[in-house]
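Novice:
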Amino acid sequence: RDEFANHRAYLLGQTAARVTMDYAALSPAMDEAALQRQLGPVALLCRDVAGGVTRICEATLAQADGVAAARLRATLAQGRLQQLEVFVPWWAHHGAARTLTAHLGAPTAVGPEPAASGQPSEILWALPHGTLHTVRAPGWNPWRWSVLRWTAGSS
491 RDEFANHRAY
501 LLGQTAARVT
511 MDYAALSPAM
521 DEAALQRQLG
531 PVALLCRDVA
541 GGVTRICEAT
551 LAQADGVAAA
561 RLRATLAQGR
571 LQQLEVFVPW
581 WAHHGAARTL
591 TAHLGAPTAV
601 GPEPAASGQP
611 SEILWALPHG
621 TLHTVRAPGW
631 NPWRWSVLRW
641 TAGSS
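Position in the sequence shown (first residue = 1) + 490 = my numbering.
Rendered as structure tokens:
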């Protein structure tokens with residue numbers, strides 16, 4: 491991962507885009523143009539991978555839903571949205587979770603305390619066309635980003 495470059499860009503103020511996410515409106519029926527319309531003025535930079543079957547679109551961010559964020563990455567397979575990730579710094583993770591709860595309601599599921607299982611546990615929201623999840627506790631590593639990950643359901 492290119493985490494250092496993301497931190498450097500964020501710390502040097504090279505990010506300006508602010509986005510308001512509507513995770514409940516995301517759908518595997520969305521193509522790149524529909525995703526761009528939903529994101530508004532955020533400039534997506536896209537490239538083909540896996541022989542053109544998969545397309546990755548990314549945007550550099552300053553904020554997502556009023557919370558510090560560094561990057562947005564969308565994965566499209568055969569032209570349709572499969573996954574969307576928003577990367578937030580570890581110190582903004584709990585603010586992002588509170589914002590999601592305010593917009594989406596209480597999580598559908600919350601994993602056990604991380605110390606109880608020894609494995610990272612997740613917070614999960616079931617949405618109309620997919621699932622949004624993130625780790626329950628991001629840890630204290632200032633070089634590690636926390637990820638809010640929407641994954642398409644089978645619709």
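Backbone N, C-alpha and C define an ideal beta-carbon position, used for all residues, glycine too.
Note that the structure is a prediction, hence the values are computed from the model and not measured.
I need the boundaries of the beta strand (DSSP E) containing residue 616, first residue and last residue.
Specialist: Position 126 of the sequence shown, counted from the first residue, corresponds to residue 616. Residues 612-617.
Novice: For my contact list, residue 519 and residue 618 are in at a C-beta cut-off of 8 Å; report their separation, rounded to the angstrom.
Specialist: In the sequence shown, residue 519 corresponds to position 29, counting from 1. In the sequence shown, residue 618 corresponds to position 128, counting from 1. With a Cβ gap of about 11 Å, residue 519 and residue 618 do not count as contacting.
Novice: Please classify residue 491: does DSSP put it in a helix, a strand, or coil?
Specialist: Within the sequence shown, the letter at position 1 stands for residue 491. Interpretation of residue 491 is limited by its pLDDT of 44, a score under 50 that renders its predicted location unreliable; the figure taken from the coordinates is listed afterwards. Coil.
Novice: Hey, residue 552 and residue 508 are a contact pair by Cβ (cut 8 Å); roughly how many whole angstroms apart?
Specialist: What you label residue 552 is simply residue 62 of the sequence shown in a count that begins at 1. What you label residue 508 is simply residue 18 of the sequence shown in a count that begins at 1. With 8 Å as the limit, residue 552 and residue 508 qualify as a contact, their Cβ atoms being about 6 Å apart.
Novice: Leaving aside the five residues before and after residue 599 along the sequence, list all residues of the same chain whose C-beta is less than 6 Å from its C-beta, in chain order.
Specialist: If you number the sequence shown from 1, residue 599 lands on position 109. Around residue 599: 614.
Novice: Spell out a yes or no on whether the stretch 575-582 and the stretch 628-639 are touching, meaning 3 or more CB-CB pairs, one atom from each, closer than 8 Å.
Specialist: Touching, yes, given that three or more Cβ pairs across the two stretches are closer than 8 Å.
Novice: How far does the beta strand (DSSP E) with residue 626 in it reach, from first residue to last?
Specialist: Locating residue 626 in the sequence shown gives position 136, counting from the first residue. No beta strand (DSSP E) contains residue 626, which DSSP labels as neither H nor E.
Novice: Helix, strand or coil for residue 561 per DSSP?
Specialist: Along the sequence shown, one-based indexing puts residue 561 at 71. Three-state DSSP puts residue 561 in a strand.
Novice: In whole angstroms, what is the alpha-carbon distance linking residue 523 and residue 633?
Specialist: As a position in the sequence shown, residue 523 is number 33, starting the count at 1. As a position in the sequence shown, residue 633 is number 143, starting the count at 1. In a straight line, the C-alpha of residue 523 is about 33 Å away from that of residue 633.
Novice: What are the start and end residues of the beta strand (DSSP E) that includes residue 510?
Specialist: Here residue 510 refers to the residue found at position 20 of the sequence shown. Per DSSP, residue 510 belongs to no beta strand (DSSP E) and is neither H nor E.
Novice: Kindly indicate which three-state DSSP category residue 590 falls into: helix, strand or coil?
Specialist: Within the sequence shown, the letter at position 100 stands for residue 590. Three-state result, residue 590: helix.
Novice: Out of 616, 537, 596, which one is the CA nearest neighbour of residue 566?
Specialist: The residue labelled residue 566 in the question sits at position 76 within the sequence shown. Among 616, 537, 596, the Cα nearest to that of residue 566 is on 537.
Novice: With DSSP as the reference, label residue 537 as helix, strand or coil.
Specialist: As a working note, residue 537 is residue 47 in the sequence shown. Strand, per DSSP.
Novice: So, for residue 547: in the same chain, excluding its five sequence neighbours on each side, which residues have a beta-carbon less than 6 Å away from its beta-carbon?
Specialist: Along the sequence shown, one-based indexing puts residue 547 at 57. Contacts found: 534, 536, 564.
Novice: In three-state DSSP terms, what is residue 634?
Specialist: Counting from 1 along the sequence shown, the entry for residue 634 is found at position 144. In the structure shown, residue 634 sits in coil (DSSP, three-state: anything other than H, G, I, E or B).
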